Amino acid sequence: MYFAALLARTEDGWEASDTELDDVETLSDLADLAREASPDEDTVLVLIEQEDAWFGVVRVDGEEDPRIYVSDAAAAARSSYGEILLTDELLGREPGDAGDDLDALDLDGTEDGESDDEEDDGDGTAAAAGSGEAVPHGPVGDAEVLDDLGVSEKELRSMSGDAVGEIAEALGAADVLETVR
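Counted the way our numbering counts, the sequence shown spans residues 11 to 191.
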């Protein structure tokens with residue numbers, strides 16, 4: 011189960027709106043969606059969570075590049091919404107690395123605990139399974155994304171469960187978030 015919401019900071023406080031990500035295919039699409047939520051180029055946060063698996067924060071400040079934090083890159087990589095956030099830059103890869111293409115990974119849930127046998131049947135199967143290592147288990151991105159809004163890097167990294175609710179609470183936006191939940 012996914013939940014995604016936009017929190018736009020205005021002169022009157024935070025405004026929340028739920029958002030459908032079905033038409034969002036890239037980080038650029040997501041940033042455009044966030045910018046539409048705040049015509050005054052105020053700070054907009056896109057909060058995405060998959061129940062008990064991972065959460066992501068995308069911060070858009072006007073026309074600046076989005077700042078991204080993902081709590082667990084490996085879990086997010088198995089999600090269509092997570093793939094939007096896991097850009098080459100965020101993962102520390104060179105754009106266009108063919109071996110690191112998330113679409114080429116076999117993410118059937120059997121990766122965890124598999125041995126890294128280098129035996130393959132000549133079709134590159136072992137190499138493809140090994141390329142999953144490019145997506146780390148654990149957090150990636152800008153853990154200081156919410157520092158100036160009252161959520162420290164340490165607090166953000168320690169969040170789990172209802173992280174979106176915890177973030178909204180820390181921002182003083184829990185009530186407006188609940189209206190769209």
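Glycine included, every Cβ here is placed at the ideal spot set by N, Cα and C. Please read all numbers here as calculations on a predicted model, not as lab measurements.
Cut-off 6 Å between Cβ atoms - residues of its own chain near residue i, not counting five sequence neighbours on either side
i           : result
residue 139 : Low per-residue confidence applies at residue 139: pLDDT is 36, beneath 50, and the placement is therefore not dependable enough to give any value.
residue 151 : 78, 79, 80, 100
residue 63  : 85
residue 14  : 29, 31, 58
residue 90  : none
Nearest-angstrom Cα separation, counted from residue j out to residue i
i           : j           : result
residue 84  : residue 27  : 28 Å
residue 12  : residue 65  : 9 Å
residue 173 : residue 105 : 30 Å
residue 48  : residue 82  : 28 Å
residue 167 : residue 153 : 7 Å
residue 56  : residue 22  : 19 Å
residue 50  : residue 155 : 20 Å
One or two residues paired with residue i in a DSSP bridge
i          : result
residue 15 : 28, 57
residue 71 : 53
Other residues of its chain near residue i: CB distance less than 7 Å, five sequence neighbours each side excluded
i           : result
residue 39  : none
residue 160 : 180, 181
Sub-8 Å separation of residue i and residue j beta-carbons
i           : j           : result
residue 70  : residue 44  : yes
residue 183 : residue 17  : yes
residue 19  : residue 53  : yes
residue 25  : residue 186 : yes
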